[in-house]
Amino acid sequence: MVIFVSSDNEQFTIDKDAVKNMGLITNMSSEIDDQSIPLPNITSAVLKKILEYCEHHHNDPVYHFDNSYDEFSAYSTRRRTSDISEWDYNFFSAIDTNMITEIVIAANYLDFPPLLDAGCKTIANMIKGKTPEEIRKIFNIENDFTPEEEVSYQYRHFQESCF
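The sequence shown begins at -14 in the numbering used here and counts up one residue at a time.
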C-alpha cells in the first residue's frame, strides 16, 4: 500500500500496483513501504481525481516510453489527440477546466505519463480550432495586450505565415 498526504494534509491509501505508472513511486519504491508520501503541490480534490484514474487503470500494463520517432510507431499514435479512450474522455468531460489543468500539472509532478498524455490530449481538443479570444475565455486568461499590440502581433503573424 502507498499512503499519500495532500497539501491540505488529507491522507489517501491506494494499492501499490495501482500507481505502478507513476515515476515518482517507481523511483522510490524501496523507500515507501509503510511511509506516507507528502505531496505539497497537490490538493486533496486533485489527488482524489488522480487516484480515481489510477483505480480505473489498475490493470493497465506498465507504461514504457518510446522516445524514438517513427510516424507509424505507437509513439506517433500516442500523440494523436483523437486517440483517447472513452473512459478517459468521460473522466475529463465531467470536470471543469481548472481541475483539468491542476490534474495535468500534478501528473507532470508525479511523473505519470498516461494521465499526463490523456490530460494534454483533452486540453488540445478543447482548444483545437479556437481563436486566441476563445482560448482565453476557456481558461479564464486576461488579455494583457493593448489593442495596438494585438494589431501589431496579428500583422507580424500574417506576414510570417505568407513567407
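Note that beta-carbon positions come from the ideal geometry of N, C-alpha and C, so glycine has one too.
Predicted, not measured: the structure shown is a model, and the values here were computed from it.
Find the nearest neighbour of residue i within the set the options, judged by alpha-carbon distance.
i, options, result
"Leu156", "Ile35, Trp72, Ala30", "Nothing can be reported for residue 156: it is not among the residues displayed for the chain, which extend from -14 to 148."
"Pro46", "Ile22, Asn6, Tyr74", "Asn6"
"Ser67", "Cys39, Tyr48, Lys113", "Lys113"
"Gln(-4)", "Gly8, Asp2, Ile27, Ala3", "Ile27"
"Glu71", "His41, Thr82, Pro23, Tyr94", "His41"
"Asn83", "Thr(-2), Glu118, Val31", "Val31"
So residue i packs on residue j, CB below 8 Å; how close in whole Å?
i, j, result
"Thr107", "Phe77", "4 Å"
"Ile88", "Gly104", "5 Å"
"Pro98", "Tyr48", "5 Å"
Kindly indicate which three-state DSSP category residue i falls into: helix, strand or coil?
i, result
"Ala59", "Below a pLDDT of 50, predicted positions are generally treated as unreliable, and Ala59, at 49, falls in that range; no measurement from the model is reported."
"Ser29", "helix"
"Ser78", "helix"
"Ser21", "strand"
"Ile175", "No statement about residue 175 is possible, as the shown extent of the chain runs from -14 to 148 and does not include it."
"Ile69", "coil"
"Val(-13)", "strand"
"Asp102", "helix"
"Ile126", "coil"
"Leu36", "helix"
"Thr107", "helix"
"Asn(-6)", "coil"
Should residue i and residue j be called a contact, given that it needs their Cβ atoms to be closer than 9 Å?
i, j, result
"Arg121", "Asn128", "yes"
"Met(-14)", "Asp0", "yes"
"Ile69", "Ile22", "no"
"Ala92", "Leu24", "no"
"Leu9", "Tyr138", "no"
"Lys115", "Ile123", "yes"
Taking the continuous beta strand (DSSP E) assigned at residue i, which residues delimit it?
i, result
"Thr11", "From DSSP, Thr11 is part of no beta strand (DSSP E) but of the alpha helix (DSSP H) over 8 to 12."
What residue range does the alpha helix (DSSP H) around residue i cover?
i, result
"Pro46", "Counting along the chain, Pro46 falls outside any alpha helix (DSSP H), and DSSP gives it neither H nor E."
"Glu118", "117 to 123"
Any heavy atom of the ligand MN closer than 8 Å to the beta-carbon of residue i?
i, result
"Lys106", "This structure lacks the ligand MN; in fact it carries no ligand of any kind."
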